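**Student:**
Residue numbers (our numbering): 18 to 63.
(1) Taking the straight line between their C-alpha atoms, what separation do you get for residue 39 and residue 50?
(2) Would you kindly work out how many angstroms separate the C-alpha atoms of residue 18 and residue 61, rounded to a whole number?
(3) Near residue 59, which residues of its chain fall below 8 Å by C-beta distance, leaving aside the five closest residues on each side in sequence?
(4) Identify the continuous alpha helix (DSSP H) that holds residue 63 and give its terminal residues.
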C-alpha cells in the first residue's frame, strides 16, 4: 500500500487506488462469471 504525506494527512498514491480498483473489478468479474457458469451448468443438467 503506497502512501505519501502531505500537509499532515496521509494519502494513498493514485496508482495504488487504480490498482485496487482494477483488482476489485477483476475479482468481481471472476466471481460473476463463476456463478453464471454454475447456473448455466445447473440449467443444462436440470
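Each residue gets a CB set at the ideal place from its N, CA and C atoms; glycine is no exception.
This structure is a prediction, so every number in the text was calculated from the model and none was measured.
**Tutor:** Here's the rundown:
(1) 16 Å
(2) Note that residue 18 scores a pLDDT of 45, beneath 50, so its modelled location is shaky and nothing firm can be said.
(3) none
(4) Segment: none, residue 63 is in no alpha helix (DSSP H) and carries neither H nor E.
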